[in-house]
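The numbers in the numbering used here rise by one with no breaks, and the one at position 166 of the sequence shown is 166.
In this text, a Cβ means the ideal position worked out from N, Cα and C, and glycines have one as well.
Here the structure is a predicted model, which is why all the values come from computation and not from measurement.
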Amino acid sequence: MTRSQWNQQFCEQGFVCYPSFLCMDQVQGVISELERVIRDVVPQMPAEHVFYEDKTSQTSLKQLQRLNEHDPYFSDLLNQGPVRQLAEALLGHSVTPRNLQYFNKPPNSGLPTPAHQDGFYFKLAPCRAITVWLALEAVDEENGCVRYVSGSHRGGMRPHAKTGTLGFSQGILDFPQASDLAHVVPCPAQAGALLAHDAMTIHRADGNSSSSRTRRALGFIYYDDRAAEDTDAWQTYQDELKAELERDGKI
Ligand SMILES: O=C(O)CCC(=O)C(=O)O
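Here it is, written out as structure tokens:
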């Protein structure tokens with residue numbers, strides 16, 4: 001497809017899928033750096049940036065937040081190069097790189113991702129931002145592929161409420177409606193495939209029902225420079241969340 005066809009699909013659906021954005025060697029390079037970070041950097045990261053399904057088990061690592069602030073390799077990956085260029089092309093504007101996240105769903109214990117709109121977390125006006133999601137291995141219906149509600153980015157912000165799910169603290173209260181179910185698109189992805197979605201697009205994922213496969217991916221968040229961030233509201237929410245997670249013994 002041409003660049004304008006990708007952009008058109010992004011505008012119409014609120015998401016796009018590039019089946020082979022990185023080749024296997026490039027994916028392997030990213031995985032090696034990730035393994036280094038998990039071994040050498042994670043022990044120094046603050047607890048509110050490191051989530052385990054079971055915090056007594058290191059193999060249950062499910063999410064890392066703000067990798068770009070903790071490691072130069074991941075800072076470069078977010079700030080420079082092809083993923084940022086793609087974000088700017090799809091939004092049609094310059095962006096501010098905001099967060100590089102690691103998402104895993106460990107075998108057997110990886111929980112579902114509740115239906116949500118990323119923009120609910122971002123506190124932006126107008127809500128213009130994009131998330132780019134890079135599969136580091138095969139992701140399918142068994143280990144919990146991402147599912148989008150096509151066209152939902154045009155339906156406004158839905159009411160969200162606390163979910164109790166570590167790493168995805170807010171979910172859509174009135175999901176699913178019949179119109180959501182009619183437009184759900186599962187997006188299985190091979191290693192190196194890239195999904196990109198608008199901050200208003202509703203998405204969710206099942207848990208990992210496999211007994212042996214992980215489900216590793218990276219999430220790159222970019223804010224459109226035309227959007228103003230309410231940094232006070234964002235920080236207040238982060239502080240409250242951290243206090244709650246500590247109180248509940250989750251971090
Ligand atoms: O990896 C997942 O299950 C969901 C990721 C997600 O919600 C996102 O990148 O916005």
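### Query
Counting pairs of Cβ atoms below 8 Å between the segment 117-131 and the segment 181-188, do you hit three or more?
no
### Query
Which one of SER109, GLN26, LEU64, ALA89 has the shortest CA to CA distance from SER210?
The residue given as residue 210 occupies position 210 in the sequence shown. Checked all of SER109, GLN26, LEU64, ALA89; the closest Cα to SER210 is SER109.
### Message
If I measure Cβ to Cβ from GLU12 and keep anything under 6 Å in the same chain, skipping five residues before and after, which residues do I get?
### Response
Looking up residue 12 in the sequence shown gives position 12. Taken in chain order, the list of residues that qualify is empty.
### Task
Using only the heavy atoms of ligand 1, determine whether one of them is closer than 8 Å to the beta carbon of PHE103.
Numbered from its first residue, the sequence shown carries residue 103 at position 103. Yes - ligand 1 has a heavy atom lying nearer than 8 Å to the Cβ of PHE103.
### THR231, DSSP secondary structure in three states
Along the sequence shown, one-based indexing puts residue 231 at 231. THR231 falls in the helix class under three-state DSSP.
### Query
To which residues of the same chain is PRO163 closer than 7 Å at the C-beta, ignoring the five residues directly before and after it?
Taking the sequence shown and counting its residues from 1, the one referred to as residue 163 is at position 163. The question names Pro, but residue 163 in the sequence shown is Thr. Here the set comprises PRO114, SER169, GLN170, GLY171.
### Query
SER32: buried (16+ other C-beta within 10 angstroms of its C-beta) or exposed?
For the purposes of this step, residue 32 is identified with residue 32 of the sequence shown, where counting begins at 1. Classification of SER32: exposed, given that the 10 Å Cβ count is below 16.
### Simplified DSSP assignment, three categories, for GLN9
The sequence position of residue 9 within the sequence shown is 9, counting from 1. Helix at GLN9.
### Message
Using the Cβ count rule (16 or more neighbours within 10 Å means buried), how would you classify ASP232?
### Response
The residue given as residue 232 occupies position 232 in the sequence shown. By the 10 Å Cβ count, ASP232 comes out exposed.
### Query
What residues match up with HIS116 in a beta bridge as DSSP calls it?
Residue mapping note: residue 116 aligns to position 116 of the sequence shown, counting from 1. Paired residues: HIS203.
### Query
Taking the beta strand (DSSP E) that SER169 falls in, what are its first and last residues?
Position 169 of the sequence shown, counted from the start, is the residue given in the question as residue 169. 168-172 is the extent of the beta strand (DSSP E) around SER169.
### Query
When the Cβ atoms of the segment 208-227 are set against those of the segment 92-111, are three or more pairs found closer than 8 Å?
yes
### Task
Pick out the complete alpha helix (DSSP H) segments inside the segment 8-51, 4 residues or longer, and give them in chain order.
24-40
### Message
For GLY249, tell me which candidate among PHE10, TYR18, HIS160, ALA47 has the shortest Cα-Cα distance.
### Response
Position 249 of the sequence shown, counted from the first residue, corresponds to residue 249. Minimum Cα distance to GLY249 is reached at ALA47.
### Query
alpha helix (DSSP H) containing VAL139: first to last residue?
Taking the first residue of the sequence shown as position 1, residue 139 is located at position 139. No alpha helix (DSSP H) holds VAL139; DSSP gives it neither H nor E.
### Query
Got a list of residues with beta-carbon closer than 6 Å to any non-hydrogen atom of ligand 1, in chain order?
PHE103, THR113, ASP118, THR131, TRP133, VAL146, HIS203, ALA205, ALA217, GLY219
### Query
In angstroms, rounded to a whole number, what distance separates the CA positions of GLN9 and PRO19?
Stepping through the sequence shown from its first residue, residue 9 is reached at position 9. Stepping through the sequence shown from its first residue, residue 19 is reached at position 19. One C-alpha to the other measures close to 14 Å.
### Message
Can you check which of these residues, ARG158, THR59, ASP180, is closest to PRO173 by C-alpha distance?
### Response
As a first step, residue 173 must be located in the sequence shown, where it is residue number 173. Residue identity differs from the one stated: residue 173 is Leu in this sequence, not Pro. Closest by alpha carbon: ARG158.
### Query
Can you name the start and end residues of the beta strand (DSSP E) that ARG147 belongs to?
In the sequence shown, residue 147 corresponds to position 147, counting from 1. Note, ARG147: beta strand (DSSP E), 146-149.
### Query
Cβ atoms of ASN104 and THR214: under 9 Å apart, would you say?
In the sequence shown, counting from the first residue as 1, residue 214 sits at position 214. In the sequence shown, counting from the first residue as 1, residue 104 sits at position 104. Yes, the Cβ-Cβ distance between THR214 and ASN104 is below 9 Å.
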